[in-house]
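In terms of numbering that gives the first Met the number 0, the sequence shown is residues 0 to 275. Where a beta carbon is used, it is the ideal one built from N, C-alpha and C, also for glycine. On a predicted model such as this, the values are computed, not experimentally measured, just so you know. Scroll down for the structure; my scribbles are underneath it.
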Amino acid sequence: MELLKVEGLTVRDEEKGETLAENISFSLSNHECLGIIGESGSGKSVTCRALLGLLQGKLAVTGSAAFGGEELIKMAPQRLREIRAQHISLMMQDAMNAFDPLYTIGAQLAETFREARGMKRREAWEAAAAVVRSVGLAAPGEDPARVLKKYPHQLSGGMLQRCMTGLALALKPEILIADEPTTALDSINQRAIVENIRRLRRETGMAVIFISHDLGVVKYLADRLLVMRRGRIVESGEASEVFEHPQEEYTRYLIESRRRMSGQFRRAVSEGGAHD
Ligand SMILES: Nc1ncnc2c1ncn2[C@@H]1O[C@H](COP(=O)(O)OP(=O)(O)O)[C@@H](O)[C@H]1O
Ligand SMILES: [Mg+2]
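In structure tokens:
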């Protein structure tokens, strides 16, 4: 079943006369993971933020994005907030900015559950504790309050990112939009997040839009793939098919640069030191 249908989505910066995303169309079904790749500045984040009404500044958005029969583009802000709290979660690149520095992690997680799920104080705190446990920040038997009572600056970027993934997991959205969720992380935290996303898909049937520079991770997660360049989709299709038989020069270039990088990495590891 089609969960989200995007048609002709276009984002323009009228002041500068620039088109940041042009005529973007795709659909997303239940359970499906759509990967989006493309060089930095190709319009991946702008596209996803436009869907959720989260673009900053004066940008004109046209086209259509239908979620379960409701049109997201130009939706009233209050209803969009509800959609974001209950149906479509965004996992951002920079978890540090997602948390308010003035409140503890526990207070912020609990507040989200109270708002999004109408939970009472006690229940919301329990749900926050469950988030911390679910992403391995408190071992079984260990008191999650140790983490919950911390302020954002007292946790590492990786730990915050895990809190955010855990929160997305607990809210059980129908769609998770993960915008380079692993870019700033070390490999252990990266793997934890990717595995959490897989688990969430398996357990809830959630659909995922996964944006990443890391083609290895995209290959691992995505069923279908969009390749973006300069605000446009230049290639799309079954992920395995696009990776095996890229049709566009640009896609081949992206895949080749990734191969070169991992080759260098392998050599560096096998020779016991990094060379360039
Ligand atoms: N709020 C904004 N206002 C104006 N221009 C923006 C805004 N956000 C992004 N851009 C521009 O849009 C283009 C695409 O950006 P983005 O979608 O963030 O790229 P990426 O593919 O790396 O996620 C870039 O040229 C960027 O500078
Ligand atoms: Mg981006």
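_What does DSSP give as the partner residue(s) for residue 177 in the beta ladder?_
Counting from one through the sequence shown, the residue named residue 177 turns up at place 178. Looking at the DSSP assignment, residue 177 forms a beta bridge with 90 and 209.
message = I'd like to know whether the C-beta of residue 134 is nearer than 8 Å to at least one C-beta of chain D.
response = Chain labels in this structure do not include chain D; a single protein chain is all it has.
Excluding the five sequence neighbours on either side, which residues of its own chain have a C-beta within less than 8 Å of the C-beta of residue 152, listed in chain order? In the sequence shown, residue 152 corresponds to position 153, counting from 1. Closer than 8 Å at the Cβ level, and outside the excluded window around residue 152, lie 100.
Exercise for the section: Grab the span of the alpha helix (DSSP H) containing residue 112 for me, first residue to last. Expected result: As a working note, residue 112 is residue 113 in the sequence shown. Counting along the chain, the alpha helix (DSSP H) containing residue 112 begins and ends at 104 to 116.
Determine the closest residue to residue 105 out of 73, 121, 91 and 249, with distance taken between C-alpha atoms.
-> Here residue 105 corresponds to residue number 106 of the sequence shown, with the count starting at 1. Minimum Cα distance to residue 105 is reached at 121.
#### Entry: Local conformation of residue 182 per DSSP, three classes
Taking the sequence shown and counting its residues from 1, the one referred to as residue 182 is at position 183. Coil, per DSSP.
Smallest Cα separation from residue 80: which of 96, 56 and 116?
-> In the sequence shown, residue 80 corresponds to position 81, counting from 1. Minimum Cα distance to residue 80 is reached at 116.
Got a sec: does ligand 1 put a non-hydrogen atom nearer than 7 Å to the Cβ of residue 256?
For the purposes of this step, residue 256 is taken as the residue at position 257 of the sequence shown. Not so, every heavy atom of ligand 1 lies at least 7 Å from the Cβ.
Checklist entry - Under the rule that 16 or more other beta-carbon atoms within 10 Å means buried, what is residue 185, buried or exposed? => result Position 186 of the sequence shown, counted from the first residue, corresponds to residue 185. Label assigned to residue 185: exposed.
Worksheet item: Can you give the beta carbon distance from residue 167 to residue 210, rounded, assuming they're within the 8 Å contact cut?
Response: Counting from 1 along the sequence shown, the entry for residue 167 is found at position 168. Counting from 1 along the sequence shown, the entry for residue 210 is found at position 211. Contact flag wrong, Cβ pair sits at about 14 Å.
Three-way DSSP call (helix, strand, coil) for residue 254 in this model | Position 255 of the sequence shown holds residue 254. In the structure shown, residue 254 sits in a helix (DSSP, three-state: H, G or I).
Review point. Do residue 44 and ligand 2 come close, with the Cβ less than 7 Å from some heavy atom?
Key: Translated into positions along the sequence shown, residue 44 becomes position 45. Checking every heavy atom of ligand 2 against the Cβ of residue 44, one is found closer than 7 Å.
**Asked** So what does DSSP say about residue 48, is it helix, strand or coil?
**Response** Working through the sequence shown from its first residue, we reach residue 48 at position 49. Of the three classes helix, strand and coil, the one that applies to residue 48 here is helix, per DSSP.
Using the Cα positions of residue 0 and residue 249, report the straight-line distance between them to the nearest angstrom.
The residue given as residue 0 occupies position 1 in the sequence shown. The residue given as residue 249 occupies position 250 in the sequence shown. Spanning the two alpha carbons is a distance of roughly 31 Å.
On the three-state DSSP scale, how would you describe residue 22?
Residue mapping note: residue 22 aligns to position 23 of the sequence shown, counting from 1. Residue 22: strand per DSSP, three-state reduction.
Rounded separation between residue 9 and residue 215 - CA only: Counting from one through the sequence shown, the residue named residue 9 turns up at place 10. Counting from one through the sequence shown, the residue named residue 215 turns up at place 216. Going by the C-alpha atoms only, they are around 29 Å apart.
### Message
Using the three-state DSSP reduction, which class does residue 239 fall into: helix, strand or coil?
### Response
Here the question's residue 239 lines up with position 240 in the sequence shown. Correct three-state label for residue 239: helix.
Point to revise | With 16 other Cβ atoms within 10 Å as the buried cut-off, status of residue 103 | key: The sequence position of residue 103 within the sequence shown is 104, counting from 1. It counts as buried.
Cβ of residue 38 within 7 Å of any heavy atom in ligand 2?
-> Counting from one through the sequence shown, the residue named residue 38 turns up at place 39. No, the Cβ of residue 38 stays beyond 7 Å of every heavy atom of ligand 2.
ask   = Which residue's Cα is closest to the Cα of residue 147: 140, 114, 34 and 136?
value = Residue numbering aside, residue 147 sits at position 148 when the sequence shown is read from its first letter. Checking every option, the nearest Cα to that of residue 147 belongs to 136.
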